[in-house]
Structure formats: structure tokens, C-alpha cells
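Here's the structure, in C-alpha cells; my notes come after.
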Amino acid sequence: MTATQKETLGFQTEVKQLLNLMIHSLYSNKEIFLRELVSNASDAADKLRFLALSNGNLYQGDADLKVRVSADKEKNTVTISDNGIGMTRDEVISSLGTIAKSGTAEFFKNLTGDQAKDSQLIGQFGVGFYSAFIVAESVTVRTRKAGEDKAIEWHSQGEGEYTLEEIEKETRGTEITLHLREEETEFADNFRLKSIITKYSDHISIPVEMWQDETPESEGPDGEKIPAVPGEWQAINKATALWTRDKSEVSDEEYKEFYKHVSHDWEEPLSWAHNKVEGKTEYTSLLYIPKKAPFDLWNRERQSGLKLYVQRVFIMDDAEQFMPSYLRFVKGLLDSNDLPLNVSREILQDNKVTQAIRKGCTSRVLKMLERMGKNRPEEYQTFWDEFGQVIKEGPAEDMANKDAIAKLLRFASTEKNESAQTVSLEEYVSRMKDGQEKIYYVVADSFGAAKNSPHLEIFRKKGIEVLLLSDRVDEWMMSHLTEFDAKQLSSVTRGDLDLGKLDDEQDKQEQEKSEQAVEGLIERVKTVLADKVKEVRFTHRLTDSPACVVTDENDMSSQMAKLMASVGQAIPESQPIFELNPEHQLVTHLNELQDEDKFAQWSEVLLDQALLAERGSLKDPAGFVSRLNKLMLDLSK
202 MTATQKETLG FQTEVKQLLN LMIHSLYSNK EIFLRELVSN ASDAADKLRF
252 LALSNGNLYQ GDADLKVRVS ADKEKNTVTI SDNGIGMTRD EVISSLGTIA
302 KSGTAEFFKN LTGDQAKDSQ LIGQFGVGFY SAFIVAESVT VRTRKAGEDK
352 AIEWHSQGEG EYTLEEIEKE TRGTEITLHL REEETEFADN FRLKSIITKY
402 SDHISIPVEM WQDETPESEG PDGEKIPAVP GEWQAINKAT ALWTRDKSEV
452 SDEEYKEFYK HVSHDWEEPL SWAHNKVEGK TEYTSLLYIP KKAPFDLWNR
502 ERQSGLKLYV QRVFIMDDAE QFMPSYLRFV KGLLDSNDLP LNVSREILQD
552 NKVTQAIRKG CTSRVLKMLE RMGKNRPEEY QTFWDEFGQV IKEGPAEDMA
602 NKDAIAKLLR FASTEKNESA QTVSLEEYVS RMKDGQEKIY YVVADSFGAA
652 KNSPHLEIFR KKGIEVLLLS DRVDEWMMSH LTEFDAKQLS SVTRGDLDLG
702 KLDDEQDKQE QEKSEQAVEG LIERVKTVLA DKVKEVRFTH RLTDSPACVV
752 TDENDMSSQM AKLMASVGQA IPESQPIFEL NPEHQLVTHL NELQDEDKFA
802 QWSEVLLDQA LLAERGSLKD PAGFVSRLNK LMLDLSK
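For the sequence shown, position 393 (counting from the first letter as 1) is numbered 594 according to this note's numbering, and the numbering increases by one without interruption.
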């Protein structure tokens, strides 16, 4: 491709869809395009500074990094330029022609056609450069990679294709020119641009400059002559790293705008913590809790982590070593004085300084969330609805902080009688009945299945609250969370039920009478179901149901078995314990049956019903239907 030839290429399909949304002005606050482009330019400068640590020649005699913004009213254009790292031809295609980000398909699947809702979705997705098309009818990008001779011009009207042309460009870096639409002329005004930059980008750590026209000679208050100042580029932002400033000097608005800079999120954060740690390990952290979860939160290949600076020099994005996986949603940065400037991901993997910082940051986030839960419960509920299932990974992953994580957990419960997860373990303990020694819970495939589990019948009768768990991760979490506040967490579907002091003597006497009334039934049922169950026994956990199945204390629960099977893991063979309610009419009817064939059919139907209520499915549903039909026909005669 020569300097006079142009090459026309098509956008990736997802980009076409995205640009279509942009061009139709989804955003009510259009001015944010400038924040995004200035933020990208600042990132380009950070990357050059890092690479120049090992190759100073990349500066090419110009180490004064900056971003410049200008407007041309006559041409109706806005230009944002930087002398950062720049891009090669392949990088231009990769960065501006495709969306190389996991979660793209999920993003477009969630588009509704409602502009207000779709704009929020785009905000979660984070597509900084493409925001230029909110106000521009076409965009031209001229860029030259540091250390390279060739430069590239990219141009597009956002209608499905773009052109590439090799050009001459004297300096490294990138220059983006927005050819504004007729109705967006307000942005071709330096005063308007300056107000936007001051509002959104004051925290950028390199100068953001605008051209200041010369001022005429004037007269001072004492009559002295003030000479004219010729036109020049002047910084209009503080150009100091926000995290290096004292907390008392930084406003909430500045913190919020800085969050949008580091996260490329359109929403404001829920909370943040800014701390400077001194002592054996010295570092500054600025950590944010987002309001919305990204679409690719569950994608294993997703890059997550904090921006890492060493002595104010940008080192890397997505440094995952400083935050455990269950806190992968946390955004922000770290600036350490104790790490070498040439630090790499490999060095970070096994480094005592890294471990100390990780421990400190983890503790800080957990305390931030605990305070939010106590002092701002509505905001915490917003957080929990978005990130609760991620937090539930914590008890298994971080034993050292298990107690702190347990305080953050929220559950549905029989007390609230709704699917919203709002009950904390502390609340549950505060409501425990006199004599209650355990925290009871049930795990099922759905909230409806948990809420209507037959295992809850005795608890409802006695007014004992039970936590209702139905998220996929719950069974795995509870296998690692065994107690809270010195109270054992006990599954109502495991083992023999022991309510301890909650069972009075009168209850026990009535239970013994009901068992004596059907004496001998257990042995008969055992004979029929010998190859299908581990044990048959009476139970008094049921009030309305004739039977249920429970899992032996040493066996894998049905929910854990489902979870293991879903990820392709082998499941050890185990059989359930079959429990019969001696007070139920169907059980007394079973006891009275003399026909052994019918007795066997009734026994198997009761077992299938119990399995269906517990597991939601049967190995042989056709057999169950056949037996049930036969019994129904017999009853109809």
C-alpha cells in the first residue's frame, strides 16, 4: 500500500450494531465523548512511559508527555492529540475495527430496542473510542507508533466500513479529529471543551492542554502596564495523580470521575476507599465498588485486576495478583514504592510485598462492604443483587477471611417469604428462638423448590426460621461455611433431624405413640426398597407430607452431585435415606395393606414422590407414572 492508495475494510458485525446505536444518540449526556477520548490518550502516554523504562529511545527526544485538545469553528471539528505510544496498522485494525472483548455476544443479546435501557447496557460494556460517533458524522484517526517510521490514517463515517491509508506524520502518537454533525456545533467551541475537561478530566496525571489566544496589553490596579501574552498551549487540568493527593483535598465528584477514567464505566461507583499505607510495606490504594456487574463477569478468560503503578509510573493494567478471585469486580489502582520499576507478572506471582498488599487490600474491601451493609443497606442490596454470587465463592477460597465474608452474605428465608436475598446471618442469629442452637438452611434448584420443600414442615410448625438457598454456588459455599458466631450451620435435608431443646417431652411421647401404631412397617419397606435406599426410618420433620429423602452426613448432597455433574466431574454412587411420616394417612394406609404387590407399588410411589420433591427429577419417570396410574385405577374401582 503506497502513500496515495486507500484500502477499504468492513467493520466487525458487532461494531456495526454498536455504531448504529451510537449514531442514534443513545446518550442524554453527549459530552462524555471527550472524557473517553482524553482518557484513552492518557492511557497511551502511560504505556509509552512504561516501555521507555527499558528503551529510552522511544521518547525520540520528546519525553514531555501531554494531551492536546482544540476546536475549529469554521470546519466544525474537534481534535484530540497525544504524543503517547501510538499504533501500527495492525493495531489500528484490532483496536478500531473490532471489539476484542469477551462478553460481546451477551451484550447484544441483552439489547432491548429501548434507547434509555440500551444506553445503560453500553455503559456496562465500556466502549470508549466509539463514543466519538455520538456527536461526529465522521472520525479521522492519524497515528504513528513510537519507534516506527510509518504512519496510518483511519477514517470512517460509522456506516459499516472504514478506510486505511499510509501517510506522513512527523511525530509519534495519535490524533483524532471529529467532524461534528450540524446539530453538535456547541462542541466546536474552546470554552465549552475547557469546561468539559475541567469537569471530567481534571485528575489526569499528565497535562491536558488547550490553545490560549494572545491577550492584549492591559493596565494593572496600580496603573502599571501588563504586557501582552502571545498565544500558547496551556495545561487546564491539575495534572497531578489524584491518588497522591490527600483525601481531604479530593472531592466526591473527583473520586467519581476518576473511577470512570480507570474503569471506563458510565455509572458512578457505589463506594470507594483511598488509603496510604506506611511502615514495613508502603503503598497507596484507591479501590472502587462498581454499581453494575460487567457482562463478562463469569467469563474465565476475562481480564480483571487493578491498575499497577510503581512510584507513579504506570506498569500494567489488570494486575490480578492484588485481589482474590471472589473480589474480581473491584476496580481501582495501586501505587507501590516497594516494587521494582521493571516488575513483571511473573515476579508478582510469588513476592512477599505483593502478598502483603493483597492481604491489606482484601481486608480493606471487606471492611468497606461491611460498613455499607450496616450504614447504607439499600446501596448494599444493590451491590448484593449484582455481585452476591461472586462473594459466595469467598468462604471456600479465602479461609483467613471466612468470618468477615460470612457477615457480607445475604439469603432469602422463610421469615421474609420472598425470593429477595436480604437476610444476613447476624439478623438470623438475632431472631433465633430460645433454645435454638443451630442455623438451619435448605438448598434447592430454585427459590420455589426451596420454599416448598417438605423438609420445612416441622420448622414452620414450630416457627423456626430457615434460610432458603437456590443459587448454583450455594451448596459448594455451605460445604465450607460450617459455623457463624459459634452457631453450627445445619442443612435440614441432611442426617437425622435433632431440634435439641426445641423438642419438648410431650412432642416426644406423641411421636413414640405414632411409631408404635405402625410398628413393623419399616422392615416391610426395607425389604421392598433394599436396592434403592441406604436406610428406611421414621421421621417427625414432616407434618403434611407422607415421606421424604435425606442425605447421609457422610454422603454428597443431591445439589452438590448436580453441580459436579454439570462440570463433567465423576459422582460417587450413594443412595438416599428414606424417611416416613408415621402420622400421615398414606403411611397408615400403607401399613394396612396386605397385598404385597400393592404394598410394593405404594412404597415405590412414595419414594419416587420424595425423590421428585428433593431432586426435581427421576431416573425412571415412566416407571413412576405407570405405577401411579395402576394405583389410581385400583382406587377408582
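Here a beta-carbon is modelled for each residue, glycine too, at the ideal position from N, C-alpha and C.
Residue pairing of His380 in beta bridges, as defined by DSSP: Thr278 and Ser339. Separation of the CB atoms of Leu381 and Glu208 is rounded to 26 Å, and the pair is thereby denied contact status at 8 Å.
Secondary structure note for Val478: its beta strand (DSSP E) is the uninterrupted segment Ser472 to Val478. Between the segment 640-653 and the segment 724-732, the count of C-beta pairs closer than 8 Å stays below three; the two stretches do not touch.
At a Cβ-Cβ threshold of 8 Å, Leu487 and Leu549 do not count as neighbours.
Out of Gly721, Thr278 and Asp291, the CA that lies nearest to the CA of Glu384 is found in Thr278. The alpha-carbon of Arg503 is positioned some 10 Å away from that of Phe496. Taking every protein chain shown into account, the CB of Met833 has fewer than 16 other CB atoms within 10 angstroms, so this residue is exposed. According to the DSSP assignment, Arg738 belongs to the beta strand (DSSP E) that extends over Glu736 to Phe739. Pairing His656 with His681, the inter-Cα distance amounts to about 22 Å. In this structure the segment 608-615 touches the segment 623-636; the number of beta carbon pairs closer than 8 Å is three or more.
DSSP lists Leu487 and Lys508 as the beta-bridge partner residues of Leu534. The alpha-carbon separation between Ser282 and Glu376 amounts to approximately 4 Å. Leu210 sits away from Leu394, with the two beta carbons spaced by 8 Å or more. Counted as a single uninterrupted DSSP element, the alpha helix (DSSP H) harbouring Ala557 occupies residues Lys553 to Asn576. One alpha carbon belongs to Trp677, the other to Gly589, and they sit about 14 Å apart.
Trp412 is bridged by DSSP to Trp434. Taking the CA atoms as reference points, Tyr629 sits about 51 Å from Phe251. For Pro773, same chain residues with a beta-carbon under 7 Å away, outside a window of 5 residues either side, are Met757 in chain order.
For Ala272, the beta-bridge partners assigned by DSSP are Val279. Per DSSP, Lys231 lies in no alpha helix (DSSP H) segment and is marked neither H nor E. Counting only the Cα atoms, Ile592 lies some 23 Å from Trp467. Where Tyr331 is concerned, there is no enclosing alpha helix (DSSP H), because DSSP gives it neither an H nor an E. Excluding the 5 residues flanking it on each side, Val478 has same chain C-beta neighbours closer than 7 Å at Tyr484 and Gly561, in chain order. Exclusion of the five residues before and after Glu469 leaves Lys457 as the residues of its chain whose Cβ lies within less than 6 Å of its Cβ.
The count of Cβ pairs closer than 8 Å, one atom from the segment 538-548 and one from the segment 576-584, stays below three, leaving the stretches out of contact.
Under the three-state reduction of DSSP, Thr683 is assigned to coil, being neither helix nor strand.
DSSP places Ile606 inside the alpha helix (DSSP H), whose first and last residues are Lys603 to Leu609. In the three-state scheme derived from DSSP, where H, G and I count as helix and E and B as strand, Ser296 is classed as helix. Between Ala272 and Ala389 a beta carbon distance of about 5 Å is seen, short of the 8 Å cut, so the two are scored as contacting. Residue Val737 holds the alpha-carbon nearest to the alpha-carbon of Val750 among Gln710, Val737 and Thr744. Its Cα nearest to that of Ser537, the residue Trp444 stands out among His790, Phe530, Asp796 and Trp444. Where Ser804 is concerned, the enclosing alpha helix (DSSP H) starts and stops at Glu797 to Arg816.
Bridge partners of Leu669 according to DSSP: Ala613 and Val643. DSSP, reduced to helix, strand and coil, places Phe523 within a helical segment of the structure shown. Excluding its 5 nearest sequence neighbours in each direction, Asp263 has C-beta neighbours in its own chain below 7 Å: Asn284, listed in chain order.
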